[in-house]
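In the working numbering, the protein residues as written are 1 to 601.
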């Protein structure tokens with residue numbers, strides 16, 4: 001039954017959101033910013049409330065007169081501020097309720113989301129309490145009704161036993177001390193509400209608390225127009241405990257439960273409130289589905305950088321990526337804008353609810369999905385076109401060791417600063433910053449998982465400024481100013497297959513050059529999974545179709561192993577064995593290609 005109700009509500013929300021997308025555009029659809037709107041309305045209520053408190057007389061005899069002076073003598077601003085304060089409170093209740101119903105409809109309340117759901121239930125009741133308490137302060141006939149009904153309702157609790165309502169039989173029973181307590185509650189409850197609102201969003205990755213500016217301006221304009229057309233005024237004159245208030249106009253957003261105290265009874269009203277609250281609190285654990293037991297975290301591999309992200313059960317791809325601080329593009333987070341589209345290379349997933357105009361059947365046939373809606377069902381491998389490269393950083397390392405691999409190649413081991421591991425991806429490089437700010441680019445010679453040291457292979461360039469210093473002046477313990485990681489080594493799908501043979505290549509500091517007559521040593525076993533050079537599995541007809549490229553750093557060589565179904569792309573670290581030909585008794589090596597100016601000198 002609950003599943004059917006969720007399906008019906010979900011269909012209704014999708015239809016309404018589709019209409020709003022056509023009317024306002026997906027970026028200005030208020031349904032995609034309900035949480036941020038609630039925060040914005042809270043600040044409006046807080047700002048207008050502070051202004052009202054400045055002119056408010058916190059006493060029983062002066063409260064009503066001060067509110068009347070504020071409303072009618074300051075009509076140009078006082079009456080408007082009072083009306084905006086009232087209508088913003090109602091709007092805040094409305095956005096919170098729609099926000100909760102929407103999350104219930106889309107079943108976003110289970111697993112790790114239970115915390116946000118439970119805190120949201122308590123938030124709604126705290127907003128109700130603060131709003132009802134605010135109606136007691138003007139001390140008019142409506143305030144008299146709300147105050148007596150509230151304390152009559154509280155008197156049902158056995159610890160009070162009817163002692164509270166006795167203070168409101170005569171006017172003399174309401175003292176300034178009691179009125180000061182009401183004022184204190186009206187300040188303290190919103191402060192606790194703000195604290196709980198902050199706690200509420202802590203489990204939401206990259207939660208925003210500010211709606212788009214056009215929506216915020218529209219909300220303020222709507223509140224101002226409503227305040228001018230239907231201004232808020234006191235009802236029935238000052239409160240008189242000896243008289244029962246006559247006809248009153250209730251605020252059904254905040255005072256909807258009060259007629260039940262008299263129509264039913266305080267006990268039945270408490271039973272309704274406690275029952276509804278309990279039912280809402282157990283919703284994350286109420287429905288038991290087949291296979292809903294404890295599941296392991298899933299692993300997401302995000303290309304083109306092959307970053308590894310852990311996804312919790314039931315978590316969307318976008319939530320997992322944002323929690324891992326990936327720079328992913330997104331806006332609505334509800335399947336309406338299409339900014340978070342990605343291509344799923346491997347693995348099963350659930351598309352989730354989304355707007356059909358955003359993710360078409362053609363896009364689905366290509367393996368595309370919306371990260372804000374798609375939920376992984378197993379380990380996934382996805383590709384994002386606009387994923388920004390890893391953030392480079394500048395640091396100072398220390399030369400830990402130096403070893404001559406050949407007469408012209410020096411292996412330099414650099415120790416990163418304490419607490420700053422050398423995080424990089426296969427195919428990236430770094431810059432060595434010289435004293436005058438000039439830079440020399442060198443590739444990482446160690447595999448990405450070996451983060452203890454940075455290994456550089458420096459080839460001596462005749463007349464080279466930095467390389468000459470490495471061979472003649474550098475010593476163990478010298479500082480080395482570095483910048484990285486930089487560049488990107490990506491392999492993308494292409495119309496035609498391109499095969500790379502592990503043959504004669506010369507790894508240059510800024511590119512990959514062919515060097516005939518050289519033997520290359522492979523550092524990874526073909527077909528090994530998780531080897532230092534990296535292994536990428538990708539479905540493709542007849543093997544992989546791909547394109548090789550790099551963004552500034554020298555990568556490595558790739559080997560395509562075609563075959564039916566899944567192809568295997570082995571990214572391999574390669575280095576030059578300078579004396580190979582001499583050891584095999586071959587003729588001296590041919591003349592080396594002349595390096596480009598400034599490359600690795």
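By construction, the Cβ of each residue, glycine as well, lies at the ideal position given by its N, Cα and C atoms.
- Annotated as distal: residue 301 and residue 374, with beta-carbon spacing of 9 Å or more.
- Within the same chain, and ignoring the five residues on either side of residue 116 in sequence, the residues whose Cβ sits closer than 7 Å to its Cβ are 200, 203 and 204.
- At the C-beta level, residue 350 and residue 299 stay beyond 9 Å of one another.
- Taking all protein chains in view, the Cβ of residue 360 is surrounded by fewer than 16 other Cβ atoms within 10 Å, so the residue is classified as exposed.
- By the Cβ rule, the region 433 to 444 counts as touching the region 477 to 484, because three or more pairs are nearer than 8 Å.
- Spatial neighbours of residue 149 in its own chain (CB-CB distance under 8 Å, excluding positions within 5 residues in sequence) are listed in chain order as 258, 261 and 262.
- Across the set 37, 393, 401 and 438, the C-alpha of 393 shows the shortest separation from the C-alpha of residue 420.
- In this structure, residue 253 and residue 140 do not form a Cβ contact; the two beta carbons are roughly 19 Å apart against a cut-off of 8 Å.
- Straight-line measurement puts the Cα of residue 324 at about 52 Å from the Cα of residue 265.
- Looking from the CA of residue 276, the closest CA among 461, 124 and 39 belongs to 124.
- Contact check for residue 80 against residue 231 passes: the beta carbons are separated by less than 9 Å.
- Contact annotation, residue 414 with residue 399: C-beta distance approximately 6 Å; criterion of less than 8 Å satisfied.
- Residue 193 counts as buried, since at least 16 other C-beta atoms from the protein chains shown sit within 10 angstroms of its C-beta.
- The straight-line gap separating the alpha-carbon atoms of residue 74 and residue 224 is approximately 16 Å.
- With a minimum length of 4 residues, the unbroken runs of alpha helix (DSSP H) contained wholly in the region 292 to 355 fall at 317 to 323.
- In the displayed model, residue 357 falls within coil according to three-state DSSP, outside both helix and strand.
- In its chain, beyond the 5 residues on either side, 33, 36, 37 and 40 have a beta carbon closer than 6 Å to the beta carbon of residue 211.
- Residue 481 has 396 as its beta-bridge partners, per DSSP.
- Annotation for residue 185: the continuous alpha helix (DSSP H) segment containing it runs 176 to 200.
- The residue from 486, 441 and 410 with its alpha-carbon nearest to that of residue 476 is 410.
- Residue 381 is classed as buried because its beta carbon has at least 16 other beta carbons within 10 Å across all chains shown.
- In the same chain as residue 51, and ignoring 5 residues on each side of it, the C-beta atoms closer than 7 Å to its own belong to 81, in chain order.
- With respect to the C-alpha of residue 460, the residue from 320, 454, 453 and 470 having the closest C-alpha is 470.
- Residue 189 sits buried, since 16 or more C-beta atoms from the chains shown fall within 10 Å of its C-beta.
- By the criterion of at least three beta-carbon pairs nearer than 8 Å, the region 149 to 160 is not in contact with the region 97 to 110.
- Assigned with DSSP and collapsed to three states, residue 280 falls in helix.
- In the DSSP assignment, residue 413 falls within the beta strand (DSSP E) that extends over 409 to 415.
- Taking a 10 Å sphere around the C-beta of residue 327, we find fewer than 16 other C-beta atoms and assign the residue as exposed.
- Looking from the CA of residue 267, the closest CA among 161, 72 and 184 belongs to 161.
- Inclusion of residue 17 and residue 336 in the CB contact set at 9 Å is warranted, their separation being smaller than that value.
- The shortest C-alpha to C-alpha distance from residue 128 to any of 13, 113, 313 and 94 is the one to 94.
- Taken in chain order, the complete beta strand (DSSP E) segments of 3 or more residues contained in the region 19 to 79 number zero; there are none.
- Residue range 465 to 472 is occupied by the alpha helix (DSSP H) that includes residue 469, with no beta strand (DSSP E) assigned at that position.
- Residue nearest to residue 47 within the set 84, 463, 416 and 458 is 84 (criterion: CA-CA distance).
- Taking the CA atoms as reference points, residue 61 sits about 51 Å from residue 106.
- Of the other Cβ atoms in all chains shown, fewer than 16 fall within 10 Å of the Cβ of residue 72; this residue is therefore exposed.
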